[in-house]
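Below: one structure, written as structure tokens.
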Amino acid sequence: MAAPTAERAPAARTEELAPAKKGKVGSSLLTVLAWIVGIGFFFPILWMVLTAFKQEADAYTSPPKLFFTPTLEQFRTVFDAGIGPYLLNSLFATVVSTILVLALATPAAFAVSLRPVKKVQDVLFFFISTKMLPVVAAIVPIYVVVNNVGMLDNIWTLIILYTAMNLPIAVWMMRSFFQEVPKELLEAASMDGASLARSLREVVLPVISPGMAATALICVIFAWNEFFFAVNLTAARAATVPVFLVGFITSEGLYFAKLCAAATLAALPVVIAGWIAQNKLVQGLSFGAVK
Amino acid sequence: MAEVEFDQASRIYTAGAKPAVNRLDLEIEDGEFVVLVGPSGSGKSTALRMLAGLEEIDGGQIRIGGRNMVGVPSRDRDIAMVFQNYALYPNKTVGENMAFPLKMRGVPKEERASKVRAAAEILGLSEYLDRKPRALSGGQRQRVAMGRAIVREPQVFLMDEPLSNLDAKMRVSTRTEIAAMQRRLGVTTVYVTHDQVEAMTMGDRVALLKDGELQQFATPAELYDQPANAFVAGFIGSPAMNLFTLPVSEQGVRMGSSELALPRSLRSRISDAGLSTVQLGIRPEQWTVGADGNGSGVKAQVDVVEELGSDAFLYAHLDDGEQTPVVVRTSGRSGARRGDQIALTPTSEDLHLFDPSTGERV
Ligand SMILES: Nc1ncnc2c1ncn2[C@@H]1O[C@H](COP(=O)(O)OP(=O)(O)OP(=O)(O)O)[C@@H](O)[C@H]1O
Ligand SMILES: [Mg+2]
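If you read the protein sequences in the order shown, they are chains A and B. Residue numbers for the first sequence follow full-length UniProt numbering, beginning at 1 and rising by one. Residue numbers for the second sequence follow full-length UniProt numbering, beginning at 1 and rising by one.
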């Protein structure tokens with residue numbers, strides 16, 4: 001055993017070295033690029049968080065002050081303005097709509113992947129075509145319908161709309177994860193005596209759970225950040241955090257720091273959700289590569 | 001345990017197209033090890049999956065233990081299958097994988113555990129019971145798949161090329177292990193492979209398929225000694241049988257410029273069939289090699305010598321004007337070399353004769 005390995009080792013090493021050298025320049029360039037892009041994306045958020053801890057006066061200086069005495073005053077103002085109910089509305093609409101989306105998208109995605117129904121392509125196109133109409137174009141009929149059934153300023157209206165809005169994306173995402181599941185797994189389970197429901201629960205779901213986490217996170221982000229429906233269809237009772245944020249933009253007086261504080265608070269739950277889902281998410285998004 | 005019958009069973013994937021499995025008839029006895037073999041696309045997997053309940057039966061019947069399986073879902077057929085890629089549940093441990101079919105059948109927990117332990121013992125998997133499949137080698141995964149099939153003590157085992165993902169050496173040793181285990185458990189087994197060596201070494205009987213049609217269903221020895229047609233003759237045996245289409249002559253057949261005399265028994269079979277040309281099959285070991293120039297035999301020139309130690313294969317071509325290739329087995333170290341002129345004479349009376357128009361055995 002020892003002799004062949006010893007013989008082969010040097011050859012293998014030279015073979016590996018050559019492309020590694022070439023790859024090094026490329027990969028360090030990529031690293032630099034990644035950092036630039038990363039910082040580019042991160043900078044506005046850093047600026048927002050920093051501004052949230054400033055006095056209003058400091059927030060308007062140009063160039064922006066990097067060193068200042070931090071204050072929690074803006075956060076106090078935000079809480080005094082009553083962000084609480086808005087946060088609760090956002091949370092409720094987001095969580096319930098995401099659960100509904102997953103509950104509906106999972107069987108739908110299963111139907112169009114592992115057990116393809118006829119005309120799958122048409123079905124899939126129909127799903128995604130519902131995203132092609134600009135929301136602005138749909139808002140008037142939606143408003144009229146919601147008004148007629150007496151559901152204006154009702155959180156369930158938002159839940160229904162958010163579910164509808166995220167469903168096509170979720171079906172498409174879940175479908176791609178389902179397609180990665182070898183069909184022999186289901187066949188083996190059925191041969192082992194599991195019913196379809198049982199094999200879905202015990203065999204398929206554990207395999208696609210990273211994908212479900214990724215899908216859920218996307219739905220959470222979209223629902224949490226949704227503004228257009230919320231601002232048009234809700235008022236005092238059912239309004240969500242994005243609507244609350246806009247309330248800080250006034251035509252007179254300084255509001256930058258307050259707005260940033262509110263925005264920081266609004267962003268926090270998404271960041272936390274992302275952080276919790278991180279492990280699963282990375283697995284989910286690189287699902288194909290891992291398998 | 002049960003007998004399995006394919007009764008005119010057909011599978012037609014697309015209406016109008018040629019059936020993937022066409023009116024297959026097989027009667028497999030209780031406890032028998034039957035191998036389905038054939039070239040790629042011959043319908044072996046399809047036939048197996050029909051038995052498993054993973055493909056529809058579009059015509060005829062398949063019966064397990066006398067019970068018609070048309071319309072019966074896989075999970076009610078009491079069969080276990082080993083897949084080519086093993087299809088282990090990736091999120092379950094080895095132990096959970098093997099216990100899964102028992103759990104689905106409501107076997108109590110303690111009994112499950114003891115059965116899994118016993119199976120793991122047989123398969124040498126005891127120390128891996130808590131590992132996930134991805135932390136196992138290919139051979140270990142293969143054994144887990146076997147384990148998942150045997151813990152349940154099903155009526156029938158189905159295996160679709162279970163060894164094709166193993167390296168050559170593992171394939172040979174696992175082949176013996178599977179055959180031995182099957183004999184010990186006595187469970188009726190249907191095994192699919194495209195490898196004729198696997199088929200010949202493992203099966204009690206072998207069913208050879210081509211284009212969805214059964215060519216022959218017989219013991220390995222019968223398949224080798226009495227192939228039903230020219231296709232079977234060419235498929236079984238390695239290197240393959242030499243097949244020549246030759247005009248019939250007074251004393252036998254004409255092979256290029258020389259005449260190959262055939263024994264009376266063969267000549268009468270040709271004349272009974274009323275053939276003027278015949279397809280003659282001669283296995284590589286059915287030749288004797290003489291030096292060129294002593295008059296008798298067919299002249300040939302050696303192109304390649306494959307020395308295997310115990311014996312050697314000569315790849316040669318005939319001096320018949322068409323350079324027809326011929327393979328000859330000789331004893332090892334025969335001294336034959338590339339470029340040698342040799343004279344070949346068939347040794348045996350058991351040469352194979354086929355009707356050149358139908359390919360059927362004469
Ligand atoms: N799902 C399918 N739809 C349509 N045709 C199929 C399908 N599965 C198999 N076939 C066709 O049926 C025929 C038999 O296929 P099958 O998989 O049974 O062959 P096989 O003998 O197992 O071959 P291999 O040794 O390559 O696995 C082939 O011609 C194949 O193209
Ligand atoms: Mg196959």
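Ideal Cβ placement from N, Cα and C applies to all residues, glycine included.
- Inter-residue distance for V107(B) and A149(B) is about 15 Å (C-alpha atoms, whole angstroms).
- Taking all protein chains shown into account, G40(A) has fewer than 16 neighbouring C-beta atoms within 10 Å of its C-beta and is therefore exposed.
- Counting the other CB atoms within 10 Å of its CB gives T31(A) a total below 16, which places it among the exposed residues.
- Taking a Cβ-Cβ cut-off of 7 Å, R11(B) has no neighbours in chain A, whose nearest Cβ is about 16 Å from it.
- Interface with chain B (8 Å Cβ-Cβ cutoff): P182(A) is included.
- Just measuring C-alpha positions, the residue of M151(A), A262(A) and G211(A) sitting nearest M174(A) is G211(A).
- One residue list follows from the rule of a beta carbon closer than 5 Å to any heavy atom of ligand 1, given in chain order as Y13(B), A20(B), S40(B), G41(B), S42(B), G43(B), K44(B), S45(B), T46(B) and H194(B).
- What R105(B) touches in chain A, judged by beta-carbon distance under 8 Å, is G193, going in chain order.
- Within 10 angstroms of the beta-carbon of G38(B) lie 16 or more other beta-carbons, which makes it buried.
- Chain B places no beta carbon closer than 8 Å to that of R115(A), leaving this residue out of the contacts.
- Pairing P284(B) with V232(B) gives a Cβ-Cβ distance that is not under 8 Å.
- Shown here for A263(A): same chain residues with a beta carbon closer than 7 Å to its own, the five before and five after excluded, namely M48 and L245 in chain order.
- Rounded to the nearest whole angstrom, the CA to CA distance from H317(B) to R337(B) is 14 Å.
- The criterion of a C-beta distance shorter than 8 Å is satisfied by T174(B) and L166(B).
- With its beta carbon at least 8 Å from every one in chain A, Y191(B) lies outside the interface.
- The alpha carbon of Y191(B) has as its nearest neighbour, out of G31(B), S357(B), T14(B) and Q8(B), the alpha carbon of G31(B).
- DSSP links G281(B) through a beta bridge to L243(B) and H352(B).
- A52(B) sits buried, since 16 or more C-beta atoms from the chains shown fall within 10 Å of its C-beta.
- One thing to note: T163(A) has its Cβ no nearer than 8 Å to the Cβ of L233(A).
- Using a cutoff of 7 Å, the CB of D160(B) counts as near ligand 2, since one of the ligand's heavy atoms is closer than that.
- Taken from the Cβ of V192(B), at least one heavy atom of ligand 2 lies inside 7 Å.
- Selection L185(B), S114(B), E110(B) and A135(B) evaluated against M146(B) yields L185(B) as nearest (Cα-Cα).
- With a contact defined as Cβ atoms closer than 8 Å, K258(A) and Q55(A) miss out at about 11 Å.
- Counted as a single uninterrupted DSSP element, the alpha helix (DSSP H) harbouring K183(A) occupies residues K183 to M191.
- Only buried fits Y89(B), as 16 or more other CB atoms lie within 10 angstroms of its CB.
- In this model, F248(A) and A266(A) are separated by some 13 Å (Cα to Cα).
- Rounded to whole angstroms, the gap between the alpha carbons of A180(B) and E360(B) is 35 Å.
- Counting the other Cβ atoms within 10 Å of the Cβ of N242(B) gives 16 or more, which makes it buried.
- Annotation: the continuous alpha helix (DSSP H) that includes V171(A) extends over I155 to Q179.
- Secondary structure of M69(B) (DSSP, three-state): coil.
- Note on geometry: alpha-carbon atoms of L158(B) and V112(A) lie some 29 Å from one another.
- Within the same chain, and ignoring the five residues on either side of D153(A) in sequence, the residues whose Cβ sits closer than 6 Å to its Cβ are T234, A235, R237 and A238.
- Rounded to whole angstroms, the gap between the alpha carbons of P227(B) and D272(B) is 19 Å.
- Under the Cβ criterion of 8 Å, S268(B) is not counted among the residues facing chain A.
- DSSP places M159(B) inside the beta strand (DSSP E), whose first and last residues are V156 to D160.
- Distance from the Cα of V116(B) is smallest, within the candidate group S348(B), M98(B) and I270(B), for M98(B).
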